[in-house]
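According to my numbering, the stretch in the sequence shown is residues 70 to 366, in order.
Note sheet for the following structure.
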Amino acid sequence: MTEPATLGRRPRSRQRASALLSRTGVTAMLGLAALYTLLPLLWLVLSATKSRQDLFATNGFAPGRHFALLDNLGHLFQVDDGIYLRWLLNTVLYAGLGALLATAFSVAAGYAFDKLAFPGKERVFGLVLLGVMVPGTALAIPLYLIAAQVGLVNTFWGVFLPGLVYPFGVYLARVFSASYVPDEVLEAARMDGAGEIRTFCRIAFPMLTPAFVTIFLFQFTQIWNSFFLPLVMLSDQRLFPVNLGLYEWYSSALSQGHPQDYLLAIVGSLVSVAPLVVLFLMLQRFWKSGLTAGAVK
Numbered sequence: 070m071t072e073p074a075t076l077g078r079r080p081r082s083r084q085r086a087s088a089l090l091s092r093t094g095v096t097a098m099l100g101l102a103a104l105y106t107l108l109p110l111l112w113l114v115l116s117a118t119k120s121r122q123d124l125f126a127t128n129g130f131a132p133g134r135h136f137a138l139l140d141n142l143g144h145l146f147q148v149d150d151g152i153y154l155r156w157l158l159n160t161v162l163y164a165g166l167g168a169l170l171a172t173a174f175s176v177a178a179g180y181a182f183d184k185l186a187f188p189g190k191e192r193v194f195g196l197v198l199l200g201v202m203v204p205g206t207a208l209a210i211p212l213y214l215i216a217a218q219v220g221l222v223n224t225f226w227g228v229f230l231p232g233l234v235y236p237f238g239v240y241l242a243r244v245f246s247a248s249y250v251p252d253e254v255l256e257a258a259r260m261d262g263a264g265e266i267r268t269f270c271r272i273a274f275p276m277l278t279p280a281f282v283t284i285f286l287f288q289f290t291q292i293w294n295s296f297f298l299p300l301v302m303l304s305d306q307r308l309f310p311v312n313l314g315l316y317e318w319y320s321s322a323l324s325q326g327h328p329q330d331y332l333l334a335i336v337g338s339l340v341s342v343a344p345l346v347v348l349f350l351m352l353q354r355f356w357k358s359g360l361t362a363g364a365v366k
């Protein structure tokens with residue numbers, strides 16, 4: 070009588086051990102991912118507190134012996150007549166205005182693909198999905214050649230206009246539209262005499278606010294971190310985004326023997342991260358709700 074009961078307990082103990090091992094493994098993987106993400110940021114913060122001498126004479130994860138963050142920030146914003154502030158303003162225009170317009174176009178296009186019927190809709194949407202699979206670096210040279218033909222090389226528009234096209238945002242907007250906007254509500258608005266544009270602006274768009282914020286964050290981060298396209302397109306330092314300017318300082322430190330540029334690149338990198346952190350904290354409520362779109366229908 071005791072043997073069957075013992076046999077019945079063994080599978081349960083094995084299941085508990087397996088579940089514990091699984092949780093431990095997942096926790097360890099998440100811990101490693103957190104370290105991989107946070108350690109470079111920690112190094113950046115600590116290095117920004119050092120003087121030029123401390124940067125090369127102390128441990129990378131030790132703070133500066135003389136807290137020099139304020140001095141480093143002052144030097145960062147004054148060097149070359151405040152060129153870093155200009156790079157920062159350029160990046161805000163490229164990423165902020167570009168992401169805002171790209172998101173508006175993406176949400177409108179995704180809504181149209183989901184709710185409207187027109188000839189060749191699925192084939193056109195297939196081209197959008199094809200654009201999702203093409204990496205941005207593969208398009209940099211073709212974009213440069215096109216810009217050269219129309220005179221946009223080394224101009225603000227040569228970097229700004231490509232950021233308005235966001236195929237992945239169109240795909241996300243269609244998914245959001247299918248999850249957030251009921252067809253019955255749109256039919257009721259049309260029966261009341263609302264046209265398609267008014268129905269989208271007054272009925273559908275407010276429902277797609279989480280989608281708008283989510284797509285905006287993705288595109289803003291993508292443009293803010295863009296490097297290869299500005300590198301190919303721009304040669305005027307006054308038009309550089311932050312990433313390209315920091316690359317110039319780092320290259321100067323390596324090739325021309327200017328060790329002070331190492332510290333400029335480090336402090337500038339820390340400052341360039343701050344707007345992304347602030348933006349995510351401000352919009353995280355909409356972002357979290359947007360990421361769950363489509364999970365429950």
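Using N, Cα and C, we set each Cβ at its ideal position, and we do this for glycine too.
Being a predicted model, the structure only gives us computed values, none of them experimental.
**Request:** Confirm, please, whether the CB-CB distance from R134 to D64 is below 8 Å.
**Result:** In this structure the chain extends from 70 to 366, so residue 64 is not present and cannot be described.
**Request:** Would you decide whether F309 is buried or exposed? Buried here means 16 or more other CB atoms lie within 10 Å of its CB.
**Result:** By 1-based counting over the sequence shown, the position of residue 309 is 240. F309 should be labelled buried.
**Message:** According to DSSP, simplified to helix, strand and coil, what is Y235?
**Reply:** On the sequence shown, residue 235 is found 166 positions in, with the first residue counted as 1. Y235: coil per DSSP, three-state reduction.
**Message:** With a threshold of 7 Å on Cβ separation, who are the neighbours of A117 within its own chain once the five nearest residues in sequence on each side are excluded?
**Reply:** The sequence position of residue 117 within the sequence shown is 48, counting from 1. For A117, where only same-chain residues beyond five positions count, the Cβ hits under 7 Å are L138, N141, I335, V336, L339.
**Asked** When you compare each of L154, D252, F174 to L185 by their alpha carbons, which one comes out closest?
**Response** The residue labelled residue 185 in the question sits at position 116 within the sequence shown. Cα-wise, what sits closest to L185 is D252.
**Asked** Among residues of its own chain, excluding the 5 on either side of S314, which ones have a beta-carbon nearer than 6 Å to its beta-carbon?
**Response** Position 245 of the sequence shown, counted from the start, is the residue given in the question as residue 314. The residue asked about is misnamed: residue 314 is Gly in this sequence, not Ser. Correct list, in chain order: W156.
**Request:** Using the Cα positions of L212 and P231, report the straight-line distance between them to the nearest angstrom.
**Result:** Taking the first residue of the sequence shown as 1, we reach residue 212 at position 143. Taking the first residue of the sequence shown as 1, we reach residue 231 at position 162. Each residue's alpha carbon lies about 8 Å from the other.
**Asked** Beta carbon of I266, beta carbon of V254: below 8 Å?
**Response** Position 197 of the sequence shown holds residue 266. Position 185 of the sequence shown holds residue 254. Using a Cβ distance threshold of 8 Å, I266 and V254 do not count as a contacting pair.
**Per-residue burial, T160 [other beta carbons within 10 Å of its own, 16 or more giving buried]** = Within the sequence shown, the letter at position 91 stands for residue 160. With 16 or more other Cβ atoms within 10 Å, it is buried.
**Prompt:** In this structure, does DSSP put A263 in helix, strand or coil?
**Reply:** Start at 1 with the first residue of the sequence shown, and residue 263 comes out as number 194. The answer is coil: DSSP assigns A263 none of H, G, I, E or B.
**Item:** Where H144 falls: helix, strand or coil (DSSP)
**Value:** The sequence position of residue 144 within the sequence shown is 75, counting from 1. If DSSP states are grouped into helix, strand and coil, H144 belongs with the helices.
**Asked** Using the C-alpha atoms, what's the distance from F274 back to L196?
**Response** As a first step, residue 196 is located in the sequence shown; it is residue number 127 there, counting from the start. As a first step, residue 274 is located in the sequence shown; it is residue number 205 there, counting from the start. Looking at the backbone, the Cα of L196 and that of F274 are separated by about 24 Å.
**Message:** Once DSSP output is grouped into helix, strand and coil, what is the label at V203?
**Reply:** Taking the sequence shown and counting its residues from 1, the one referred to as residue 203 is at position 134. V203 falls in the coil class under three-state DSSP.
**Message:** Just verifying my parser: in three-state terms, what is the DSSP assignment at D149?
**Reply:** Taking the sequence shown and counting its residues from 1, one reaches residue 149 at position 80. Reduced to three states, the DSSP call for D149 is helix.
**Neighbourhood of V342 by C-beta distance below 8 Å, restricted to the same chain and skipping five residues each side** = The residue labelled residue 342 in the question sits at position 273 within the sequence shown. Cβ within range, chain order: L110, L113.
**Prompt:** K119: buried (16+ other C-beta within 10 angstroms of its C-beta) or exposed?
**Reply:** What you label residue 119 is simply residue 50 of the sequence shown in a count that begins at 1. Result: buried.
**Asked** Do the CB positions of G179 and S246 come within less than 8 Å of each other?
**Response** By 1-based counting over the sequence shown, the position of residue 179 is 110. By 1-based counting over the sequence shown, the position of residue 246 is 177. Cβ distance < 8 Å, so G179 and S246 count as in contact.
**Asked** What is the rounded straight-line gap between the Cα of Q325 and the Cα of V203?
**Response** On the sequence shown, position 256 is the one that residue 325 refers to. On the sequence shown, position 134 is the one that residue 203 refers to. Here the alpha carbon of Q325 sits roughly 36 Å from the alpha carbon of V203.
**Asked** Is it true that the region 225 to 244 meets the region 317 to 324, where meeting means three or more beta-carbon pairs spaced less than 8 Å apart?
**Response** Taking 8 Å as the limit for Cβ pairs, the verdict is that the region 317 to 324 does not touch the region 225 to 244.
**Message:** Let's see if you can read the secondary structure: which residues bound the alpha helix (DSSP H) around A126?
**Reply:** Taking the first residue of the sequence shown as 1, we reach residue 126 at position 57. Element bounds for A126: 121 to 126.
**Prompt:** Residue range of the alpha helix (DSSP H) that N312 falls in?
**Reply:** If you number the sequence shown from 1, residue 312 lands on position 243. For N312, the uninterrupted alpha helix (DSSP H) run begins and ends at 311 to 324, by DSSP.
**Prompt:** Relative to the C-alpha of G238, which residue among F285, V95, L298 is closest?
**Reply:** Position 169 of the sequence shown, counted from the first residue, corresponds to residue 238. Among F285, V95, L298, the Cα nearest to that of G238 is on F285.
**Message:** If I measure Cβ to Cβ from I152 and keep anything under 6 Å in the same chain, skipping five residues before and after, which residues do I get?
**Reply:** Position 83 of the sequence shown holds residue 152. Contacts found: none.
**Item:** Residue span of the alpha helix (DSSP H) that contains S175, given as start and end
**Value:** The count along the sequence shown starts at 1 and reaches residue 175 at position 106. For S175, the enclosing alpha helix (DSSP H) begins and ends at 167 to 184.
**Item:** Beta-carbon spacing of L348, F289 below 8 Å
**Value:** Against the sequence shown, residue 348 aligns to sequence position 279. Against the sequence shown, residue 289 aligns to sequence position 220. Yes, they are a contact pair.
**Asked** When the Cα of P279 is compared with those of W293, G167, L241, A257, which residue comes out closest?
**Response** Taking the first residue of the sequence shown as 1, we reach residue 279 at position 210. The residue with the shortest Cα to Cα distance from P279 is L241.
**Prompt:** Starting from G227 and walking both ways along the alpha helix (DSSP H), at which residues does that stretch end?
**Reply:** Position 158 of the sequence shown, counted from the start, is the residue given in the question as residue 227. From DSSP, the alpha helix (DSSP H) with G227 extends over 225 to 229.
**Message:** Could you compute how far the alpha carbon of Y331 sits from the alpha carbon of P188?
**Reply:** Taking the first residue of the sequence shown as 1, we reach residue 331 at position 262. Taking the first residue of the sequence shown as 1, we reach residue 188 at position 119. Linking Y331 to P188 through their CA atoms gives a straight-line distance of about 56 Å.
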